[in-house]
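The next block holds one structure in the form of structure tokens; read it before the comments.
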Amino acid sequence: MQLMADRDYRISSACGVIGYMNEQGVRTSGRDVIQSIALMHERSNGLGGGFAAYGIYPEYKDFYAFHMMYENEEAKKTAENYLEQNYEIKRSEPIPVKEIKVIKSWPIIWRYFLKPFAVKGNETEQDFVVKTVMFINQNIKNAFVASSGKNMGIFKGVGYPEDIGEFFRLEEYKAYTWTAHGRFPTNSVAWWGGAHPFGILDWSIVHNGEISSYGINKRYLENYGYKCSFFTDTEVITYLFDLLSRKHELSFEILAKVLSAPFWKQIDRMPQEEKEFYKNLRIIYSSALVNGPFAVIAANNTSMVGLNDRIKLRP
36 MQLMADRDYR
46 ISSACGVIGY
56 MNEQGVRTSG
66 RDVIQSIALM
76 HERSNGLGGG
86 FAAYGIYPEY
96 KDFYAFHMMY
106 ENEEAKKTAE
116 NYLEQNYEIK
126 RSEPIPVKEI
136 KVIKSWPIIW
146 RYFLKPFAVK
156 GNETEQDFVV
166 KTVMFINQNI
176 KNAFVASSGK
186 NMGIFKGVGY
196 PEDIGEFFRL
206 EEYKAYTWTA
216 HGRFPTNSVA
226 WWGGAHPFGI
236 LDWSIVHNGE
246 ISSYGINKRY
256 LENYGYKCSF
266 FTDTEVITYL
276 FDLLSRKHEL
286 SFEILAKVLS
296 APFWKQIDRM
306 PQEEKEFYKN
316 LRIIYSSALV
326 NGPFAVIAAN
336 NTSMVGLNDR
346 IKLRP
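Here the sequence shown is numbered in my numbering, starting from 36 and rising by one per residue.
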């Protein structure tokens with residue numbers, strides 16, 4: 036995978052993010068979201084752009100839609116052998132793209148509609164899919180999972196977001212929720228797998244900011260089987276959303292207070308019962324606290340939410 040150094044292009048407060056959702060489930064073309072993110076052209080530098088779309092595969096809504104990137108045919112063959120051993124593959128096909136002048140090269144981009152074979156023991160289907168994503172990203176060289184949810188997909192790459200949208204022919208898709216990201220890499224290199232959004236199952240995250248707690252967040256997630264492979268702090272935020280909402284069953288209101296926790300001085304001024312709750316929350320989830328300036332839009336199949344750092348250092 037070709038990596039592009041960002042040191043000559045860095046503006047740490049940049050990145051453009053956008054998201055919108057039709058609460059009635061009415062699907063709209065990707066043309067609108069492309070035009071919307073293009074208005075923030077100056078907030079990215081051509082080193083990454085991408086989109087998440089929900090509701091785009093109604094005919095395969097009961098299957099996990101894996102969007103995959105491969106650097107070569109050998110990686111594709113190895114990953115497909117692994118998938119065939121563990122999943123019913125309902126459909127396998129290249130993701131349609133349009134060759135455009137400004138995008139010079141790209142990996143092999145493929146999608147699969149999958150259903151796990153019988154899951155053993157207390158493991159859920161979702162646990163099994165997460166393990167699959169971790170295994171491929173960690174152990175199959177030059178193979179990367181871009182998204183793995185049902186009835187949704189992530190389309191991303193190296194380029195301005197409006198060019199990535201044209202490249203993936205997003206005007207041909209219809210979705211009820213769209214998010215988009217234009218990247219200004221801060222502390223990581225630019226490559227196709229490292230562009231935003233990041234996803235696991237049906238969660239997707241677009242992010243503007245810089246996470247100083249990456250190391251401790253990464254080690255915390257590793258205790259629960261998550262492996263970070265993409266050289267970016269947004270991956271950490273994505274896995275924290277999955278862990279806290281799906282595995283720990285926290286509401287978004289509580290999840291937000293874990294990731295962007297109140298300051299201790301704020302907790303000290305709370306009524307006693309509330310004070311005890313937030314004190315315990317900060318102690319239990321101290322390693323899940325996200326430090327640094329950030330703004331994220333998180334989406335899944337049923338909702339979309341926004342979250343800022345505690346002192347709103349990112350728009």
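Here a beta-carbon is modelled for each residue, glycine too, at the ideal position from N, C-alpha and C.
Exercise. Opposite ASN116 in the DSSP bridges: which residues?
Worked result: The residue labelled residue 116 in the question sits at position 81 within the sequence shown. Beta-bridge partners of ASN116 (DSSP): none assigned.
Exercise. Buried or exposed: which applies to PHE315, given that a residue is buried once 16 or more other Cβ atoms fall within 10 Å of its Cβ?
Worked result: Within the sequence shown, residue 315 is the residue found at index 280, counting from 1. In the sequence on display, residue 315 carries Asn and not Phe. Label assigned to ASN315: exposed.
Exercise. Between ARG304 and TYR320, what straight-line distance do the alpha-carbon atoms span, to the nearest angstrom?
Worked result: Taking the first residue of the sequence shown as position 1, residue 304 is located at position 269. Taking the first residue of the sequence shown as position 1, residue 320 is located at position 285. If I take the Cα positions, the gap works out to 20 Å.
Exercise. According to the neighbour-count rule (16 or more other Cβ atoms, all chains shown, within 10 Å of its Cβ), is ALA225 buried or exposed?
Worked result: Counting from one through the sequence shown, the residue named residue 225 turns up at place 190. The residue in question, ALA225, is buried, as its Cβ has 16 or more Cβ neighbours within 10 Å.
Exercise. Whose C-alpha, out of SER127, ILE53, ILE144, is nearest the C-alpha of ILE69?
Worked result: Translated into the one-based positions of the sequence shown, residue 69 becomes position 34. The shortest Cα separation from ILE69 among SER127, ILE53, ILE144 belongs to ILE53.
Exercise. Can you give the Cα-Cα distance for ALA114 and ILE171, rounded to whole angstroms?
Worked result: Start at 1 with the first residue of the sequence shown, and residue 114 comes out as number 79. Start at 1 with the first residue of the sequence shown, and residue 171 comes out as number 136. Taking the straight line joining both Cα atoms gives about 7 Å.
Exercise. If we count Cβ pairs, one from each stretch, closer than 8 Å, do we get three or more for the stretch 141–156 versus the stretch 98–109?
Worked result: yes
For this session: State yes or no: is the C-beta of PHE163 nearer than 7 Å to some heavy atom of the ligand COA?
Result: With respect to the ligand COA, the structure shown offers nothing to examine, as it has no ligands at all.
For this session: Go to LYS150, then tell me how far its beta strand (DSSP E) extends in each direction, as first and last residue.
Result: Reading the sequence shown from its first residue, position 115 is the one you call residue 150. Residues 143–151.
Exercise. Are the beta-carbon atoms belonging to GLY60 and PHE86 less than 8 Å from one another?
Worked result: Sequence index remark: in the sequence shown, residue 60 carries index 25 (1-based). Sequence index remark: in the sequence shown, residue 86 carries index 51 (1-based). No. Outside cutoff.
For this session: Check each candidate in THR212, LYS136, THR167 and name the one with the smallest Cα separation from VAL150.
Result: Reading the sequence shown from its first residue, position 115 is the one you call residue 150. The sequence shown places Lys at residue 150, not Val. Among THR212, LYS136, THR167, the Cα nearest to that of LYS150 belongs to THR167.
Exercise. When the Cα of THR337 is compared with those of LYS185, ILE318, GLY84, which residue comes out closest?
Worked result: Position 302 of the sequence shown, counted from the start, is the residue given in the question as residue 337. Comparing Cα positions, the closest option is LYS185.
Exercise. Of the residues PRO297, LEU236, ASP268, SER295, which one's Cα is nearest the Cα of LYS282?
Worked result: Within the sequence shown, the letter at position 247 stands for residue 282. The candidate whose alpha carbon is nearest that of LYS282 is LEU236.
Exercise. If we ignore side chains and look at the alpha-carbon of each, how far apart do GLY51 and HIS231 end up?
Worked result: Residue numbering aside, residue 51 sits at position 16 when the sequence shown is read from its first letter. Residue numbering aside, residue 231 sits at position 196 when the sequence shown is read from its first letter. Each residue's alpha carbon lies about 11 Å from the other.
For this session: Could you name the residues that DSSP lists as bridge partners for THR214?
Result: As a first step, residue 214 must be located in the sequence shown, where it is residue number 179. DSSP, once it has assigned bridges, lists GLY54, ALA87 as partnering THR214.
Exercise. Which value, in whole angstroms, describes the spacing of the CA atoms of SER295 and ASN326?
Worked result: On the sequence shown, residue 295 is found 260 positions in, with the first residue counted as 1. On the sequence shown, residue 326 is found 291 positions in, with the first residue counted as 1. Distance between the alpha carbons of SER295 and ASN326: 8 Å.
Exercise. Along the chain, where does the beta strand (DSSP E) that runs through TYR92 open and close?
Worked result: Walking along the sequence shown from the start, residue 92 turns up at place 57. Run containing TYR92: none; DSSP gives neither H nor E here.
For this session: Quick one: residues in its chain with C-beta nearer than 7 Å to the C-beta of HIS183, no 5 flanking neighbours on either side, listed in chain order?
Result: Along the sequence shown, one-based indexing puts residue 183 at 148. Before going further, note that residue 183 is Ser rather than His in the sequence given. Cβ within range, chain order: TYR99, PHE101, VAL164, VAL168, GLY234, ILE235, LEU236.
Problem set entry | Spatial neighbours of VAL340 in its chain, beta-carbon cut-off 6 Å, leaving aside the 5 residues before and after | Working through the sequence shown from its first residue, we reach residue 340 at position 305. Result list for VAL340: PHE287, ALA333, in chain order.
For this session: Locate the beta strand (DSSP E) running through ILE332, then write down its first and last residues.
Result: Here residue 332 refers to the residue found at position 297 when the sequence shown is read from its first residue. Start and end: 329–334.
For this session: Look up PHE266 in the DSSP assignment and give the residues it is bridged to.
Result: Start at 1 with the first residue of the sequence shown, and residue 266 comes out as number 231. According to DSSP, PHE266 bridges with nothing at all.
For this session: Could you tell me the distance, in whole angstroms, from the CA atom of SER127 to the CA atom of TYR261?
Result: For the purposes of this step, residue 127 is taken as the residue at position 92 of the sequence shown. For the purposes of this step, residue 261 is taken as the residue at position 226 of the sequence shown. Near 26 Å, if we compare the C-alpha coordinates of TYR261 and SER127.
For this session: Could you pull out every unbroken beta strand (DSSP E) segment of at least 3 residues lying fully inside the stretch 234–299, listed in chain order?
Result: 238–244
Problem set entry | Spatially closest choice to GLN123 from LYS112, GLU160, PRO131, PHE148, by CA coordinates | In the sequence shown, counting from the first residue as 1, residue 123 sits at position 88. Note that residue 123 is Glu in the sequence shown, not Gln. When only C-alpha atoms are compared, the closest one is PHE148.
For this session: Provide the residue(s) that pair with SER64 in DSSP beta bridges, ordered along the chain.
Result: In the sequence shown, the residue the question calls residue 64 occupies position 29. LYS209.
Exercise. Under the three-state reduction of DSSP, which class applies to CYS177: helix, strand or coil?
Worked result: In the sequence shown, the residue the question calls residue 177 occupies position 142. Cys is not the amino acid found at residue 177; the sequence shown has Asn there. Reduced to three states, the DSSP call for ASN177 is coil.
Exercise. How is TYR44 classed by DSSP in three states: helix, strand or coil?
Worked result: By one-based count along the sequence shown, residue 44 stands at place 9. Residue placement at TYR44 cannot be trusted, given a pLDDT of 48 that sits under 50; what the coordinates show is reported in the next sentence. TYR44: coil per DSSP, three-state reduction.
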